[in-house]
């Protein structure tokens with residue numbers, strides 16, 4: 001089986017369902033921004049994960065399509081609201097909703113999208129659990145966003161705080177996808193717990209990898225300059241770890257300067273690079289990523305072998321080897 | 001039975017349940033504003049209506065308590081977000097969430113409140129219908145808010161548009177309360193449809209009454225100056241109707257001035273009063289309110305007589321006779 005082809009097939013089904021779900025009704029000032037934002041929606045990882053998890057748990061992947069699309073809508077609602085909070089003018093090379101319409105419309109569109117998401121979830125013998133799982137995902141994403149905002153102003157973020165934050169901000173919704181896929185397949189607790197851990201560690205690995213790639217990626221493949229996180233003053237895995245480890249005066253000075261001015265210009269990026277090498281931060285990040293990918297793989301070992309389980313492992317491998 | 005006392009009893013139970021539901025967890029920047037906003041929550045009409053509707057349909061009112069509190073949280077989420085959009089600094093004599101914290105926190109608190117609301121809805125044999133009804137309420141409130149915003153910039157709002165707008169902005173959530181009360185009582189379609197219409201017409205009557213009282217209330221009882229809507233340039237039932245009826249040049253001139261400058265100062269209020277009297281607008285509004293209250297009453301005629309049904313009728317009467 002060619003997993004890339006199968007994955008593209010899933011995405012085609014997902015795109016069609018999204019088109020159906022985003023038709024424009026009155027008032028158009030609500031439905032147009034919803035349609036606009038959903039139409040160019042990136043890789044559709046979340047609905048694909050929902051379908052694969054359902055298949056891996058022994059269900060028909062298509063039976064989880066509507067739940068997957070609901071989760072994609074939920075994910076996109078968070079982006080519409082994040083863009084307001086971050087004052088971002090562009091996403092996916094197009095004006096954001098609050099920029100193209102206005103902030104009130106963007107708030108209301110996001111709010112209504114939560115409703116559109118819930119409305120799509122079809123009845124099911126485990127409907128109550130599906131709704132509870134979905135709702136916890138919504139709450140955790142909000143909690144994660146608040147933690148992330150607190151990071152911006154805090155001088156004292158620890159690695160454990162960081163892991164908790166990305167656990168809520170990134171992993172929680174992936175876990176929600178994976179668990180709901182399992183619930184749609186009516187899987188038992190052991191299988192569902194495996195699917196949850198798969199998504200959890202996938203999300204954690206992916207996020208730390210993002211931080212690492214920002215520093216060590218090949219700029220030609222990566223498609224953007226390295227070191228942007230440093231210039232934006234982000235409290236990445238690398239920076240937080242360095243801040244915990246650094247003792248040498250020049251490292252402390254660099255980090256204090258970084259924390260006090262909320263980021264440093266491009267010429268400081270090589271200095272960070274040197275510091276990260278000297279403190280073994282890159283190696284530590286790499287081994288943490290490898291560990292999380294391994295945990296994700298191990299989480300699936302209770303699941304019977306089938307094409308969708310293989311696809312989940314293929315996805316893991318694909319992400320593990322990414323350099324962009 | 002003393003309905004006032006019974007109503008207060010319901011409200012006491014509701015307040016206690018709200019206290020339980022709004023405990024503060026981490027991150028406190030999310031749970032504190034939630035707790036803060038819910039703690040001074042007005043009259044708790046929505047959860048009380050949910051319980052009364054459940055009782056009127058033959059269920060135990062307390063069995064609808066959690067759904068009622070979920071609906072109260074939903075209602076309050078809309079207020080947190082409305083305050084951002086309206087740039088209101090105060091509500092219920094206290095700083096609004098975006099003022100006391102900041103706008104990002106207010107957006108996220110509102111978002112999370114939707115989740116807190118869904119999470120409170122307990123499992124039930126008609127859980128799917130309850131969630132669908134709840135979700136439609138959420139979507140309709142957002143639609144109503146968009147219509148309301150469009151009114152601010154439109155020169156050409158008709159009475160039918162106004163009724164559609166308040167139907168979504170005010171009635172929809174009351175209908176949701178009433179219908180969910182009926183669903184918790186496992187009532188049949190006829191009863192549920194009666195409960196829905198009761199709440200629908202109650203909401204419409206209440207909203208038009210609000211517009212009317214702003215012009216004709218006794219200032220001492222009303223507790224605020226009359227004519228504030230005129231100064232804010234609101235497209236009230238009275239103004240829209242006058243705009244449809246007015247032909248005399250001085251009326252047209254007054255209305256055109258009003259529409260073009262989005263409101264007029266206090267000295268114009270008596271002119272509006274005269275115009276409304278001359279065009280019979282007050283009488284028309286009064287008879288429309290009376291008609292809607294009658295529709296609300298008639299909607300309950302299929303329901304068997306019991307204390308909660310009597311309480312719903314008492315509430316109707318209480319609102320019908322309000323002068324504040």
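Protein chains in written order, with this note's numbering: chain A, 1 to 324; chain B, 1 to 324. C-beta atoms are modelled at their ideal positions from N, C-alpha and C, and glycine is treated no differently.
Pairwise C-beta distances place the region 257–271 of chain B out of contact with the region 167–177 of chain B, as fewer than three of them are shorter than 8 Å. Here the alpha carbons of residue 322 (chain A) and residue 239 (chain A) stand approximately 22 Å from one another. Residue 182 (chain B) has a beta carbon lying at 9 Å or more from every beta carbon in chain A. The C-beta separation of residue 212 (chain A) from residue 56 (chain A) comes to about 28 Å, leaving the pair out of contact by the 8 Å criterion. Within a 10 Å sphere around the beta-carbon of residue 27 (chain A) sit 16 or more other beta-carbons, which makes this residue buried. Exclusion of the five residues before and after residue 227 (chain A) leaves 269 as the residues of its chain whose Cβ lies within less than 6 Å of its Cβ. Chain-ordered, the chain A residues with CB closer than 7 Å to the CB of residue 123 (chain B) read 128. Put simply, the region 139–152 of chain B touches the region 111–119 of chain A. At least three CB pairs are less than 8 Å apart. As far as DSSP is concerned, residue 206 (chain A) takes part in no beta bridge. Per the C-alpha coordinates, the member of B:78, B:48 and B:120 positioned closest to residue 104 (chain A) is B:78. For residue 95 (chain B), the secondary structure class from DSSP, reduced to helix, strand or coil, is strand. The three-state secondary structure of residue 90 (chain A), taken from DSSP, is strand. Less than 9 Å divides the Cβ of residue 54 (chain A) from the Cβ of residue 64 (chain A). By the criterion of at least three beta-carbon pairs nearer than 8 Å, the region 190–198 of chain A is in contact with the region 295–315 of chain A. Following the DSSP letters along the chain, one finds residue 317 (chain A) inside the alpha helix (DSSP H) bounded by residues 307–320. Not a single CB atom of chain B sits nearer than 9 Å to the CB of residue 192 (chain A). Residue 81 (chain B) reaches chain A at 107 and 111, counting residues in chain order whose Cβ is nearer than 7 Å.
Setting aside the 5 residues that flank it on each side, residue 295 (chain A) is surrounded in the same chain by 201, each with a C-beta closer than 6 Å to its C-beta; the list follows chain order. The residue among B:274, B:236 and B:150 with its C-alpha nearest the C-alpha of residue 250 (chain B) is B:274. Chain B has a Cβ within less than 9 Å of the Cβ of residue 115 (chain A). Cβ contact annotation for residue 129 (chain B) (same chain, cutoff 7 Å, sequence separation greater than five): 183, in chain order. For the set A:52, A:115 and A:159, the Cα lying nearest the Cα of residue 196 (chain A) is the one of A:52. Taking C-alpha positions only, residue 29 (chain B) is separated from residue 146 (chain A) by approximately 7 Å.
In its chain, beyond the 5 residues on either side, 83, 88, 89 and 90 have a beta carbon closer than 7 Å to the beta carbon of residue 96 (chain B). Contacts with chain B (Cβ-Cβ distance below 7 Å) from the region 133–151 of chain A involve 135, 138, 139, 142, 143, 145, 146, 147, 149 and 150, listed in chain order. With contacts defined as CB atoms closer than 9 Å, residue 214 (chain B) and residue 230 (chain B) qualify as a contacting pair.
Here residue 287 (chain A) is exposed. Its C-beta has fewer than 16 other C-beta atoms within 10 Å. At least 9 Å separates the CB of residue 46 (chain A) from every CB of chain B.
Residue 102 (chain A) carries a coil assignment under DSSP once its states are collapsed to helix, strand and coil.
Between residue 21 (chain A) and residue 120 (chain A) a beta carbon distance of about 6 Å is seen, short of the 8 Å cut, so the two are scored as contacting. Nearest C-alpha to residue 233 (chain B) among B:149, B:246, B:163 and B:316: B:149.
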